[in-house]
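Residue numbers for the sequence shown follow my numbering, so the first one is 5 and each next one is one higher.
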Amino acid sequence: WPPPEWVDCAVAGRPYKVYGDGAAAYVVRAPAATVTADELMSWCAKRLPRFKVPASLHFIEEIHKTASGKVKRHLL
(Lines of atoms letter the chains of each structure in order from A; the text may use other names.)
(Lines give C-alpha, C1' and ligand atoms only; values in the text may rest on other atoms or scores of the structure.)
Protein backbone atom coordinates (compact mmCIF):
# COMPACT_ATOMS: atom_id res chain seq x y z
CA TRP A 5 0.00 0.00 0.00
CA PRO A 6 -0.18 2.31 -1.91
CA PRO A 7 0.12 0.70 -5.34
CA PRO A 8 3.16 1.82 -7.35
CA GLU A 9 1.00 4.00 -9.62
CA TRP A 10 0.54 6.71 -7.00
CA VAL A 11 2.69 8.36 -4.37
CA ASP A 12 0.11 9.92 -2.06
CA CYS A 13 -3.63 10.38 -1.78
CA ALA A 14 -6.24 12.07 0.37
CA VAL A 15 -10.03 12.11 0.53
CA ALA A 16 -12.12 15.14 1.43
CA GLY A 17 -15.84 15.78 1.72
CA ARG A 18 -17.47 17.72 -1.08
CA PRO A 19 -21.04 18.89 -1.69
CA TYR A 20 -22.90 17.43 -4.67
CA LYS A 21 -26.22 18.70 -6.04
CA VAL A 22 -27.58 15.24 -6.80
CA TYR A 23 -26.21 13.16 -3.90
CA GLY A 24 -25.83 15.74 -1.14
CA ASP A 25 -22.41 15.28 0.45
CA GLY A 26 -19.88 12.88 -1.02
CA ALA A 27 -16.19 12.09 -1.07
CA ALA A 28 -13.64 13.34 -3.56
CA ALA A 29 -10.27 11.60 -3.84
CA TYR A 30 -7.11 13.55 -4.66
CA VAL A 31 -4.19 11.51 -5.97
CA VAL A 32 -0.52 12.33 -6.59
CA ARG A 33 0.68 10.04 -9.36
CA ALA A 34 4.17 8.52 -9.43
CA PRO A 35 6.46 10.22 -12.00
CA ALA A 36 6.32 7.41 -14.58
CA ALA A 37 2.74 6.30 -13.87
CA THR A 38 0.22 5.99 -16.67
CA VAL A 39 -2.78 5.02 -14.54
CA THR A 40 -6.08 6.69 -15.42
CA ALA A 41 -8.88 7.91 -13.18
CA ASP A 42 -11.14 5.09 -14.43
CA GLU A 43 -8.54 2.47 -13.47
CA LEU A 44 -8.17 3.91 -9.97
CA MET A 45 -11.94 4.13 -9.51
CA SER A 46 -12.18 0.47 -10.54
CA TRP A 47 -9.40 -0.37 -8.07
CA CYS A 48 -11.35 1.39 -5.30
CA ALA A 49 -14.62 -0.32 -6.25
CA LYS A 50 -13.00 -3.75 -5.93
CA ARG A 51 -11.47 -3.09 -2.51
CA LEU A 52 -13.86 -0.73 -0.71
CA PRO A 53 -17.50 -1.00 0.32
CA ARG A 54 -19.74 0.76 -2.19
CA PHE A 55 -20.55 3.66 0.18
CA LYS A 56 -16.83 4.39 0.64
CA VAL A 57 -15.92 4.63 -3.06
CA PRO A 58 -15.20 8.29 -3.89
CA ALA A 59 -17.72 10.10 -6.09
CA SER A 60 -14.90 11.79 -8.01
CA LEU A 61 -11.15 11.47 -8.42
CA HIS A 62 -8.70 14.28 -9.20
CA PHE A 63 -5.00 14.13 -10.03
CA ILE A 64 -2.92 16.84 -8.36
CA GLU A 65 0.80 17.63 -8.13
CA GLU A 66 1.12 17.78 -4.34
CA ILE A 67 -0.93 17.23 -1.19
CA HIS A 68 -0.20 20.03 1.25
CA LYS A 69 0.36 18.92 4.84
CA THR A 70 1.00 20.57 8.18
CA ALA A 71 4.28 20.20 10.05
CA SER A 72 2.79 17.25 11.94
CA GLY A 73 1.78 15.50 8.68
CA LYS A 74 -1.96 16.19 8.68
CA VAL A 75 -3.57 16.91 5.31
CA LYS A 76 -4.69 20.51 4.78
CA ARG A 77 -8.09 19.55 3.41
CA HIS A 78 -9.21 23.15 2.94
CA LEU A 79 -6.55 23.45 0.19
CA LEU A 80 -7.89 20.44 -1.72
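Beta carbons are placed, not taken as given, at the ideal position from N, Cα and C, and that holds for glycine. These numbers were taken from a predicted model, which means no experiment stands behind them.
- Taking a contact to require three or more Cβ pairs closer than 8 Å, the stretch 66-77 and the stretch 44-54 do not qualify as touching.
- Around the CB of Y20, fewer than 16 other CB atoms lie within 10 Å, so the residue is classed as exposed.
- In this structure, the alpha-carbon of V32 lies about 27 Å from that of V22.
- DSSP places A41 in the uninterrupted alpha helix (DSSP H) bounded by 41-51.
- With fewer than 16 other Cβ atoms from the protein chains shown falling within 10 Å of its own Cβ, L52 counts as exposed.
- The criterion of a C-beta distance shorter than 7 Å is not satisfied by A16 and A34.
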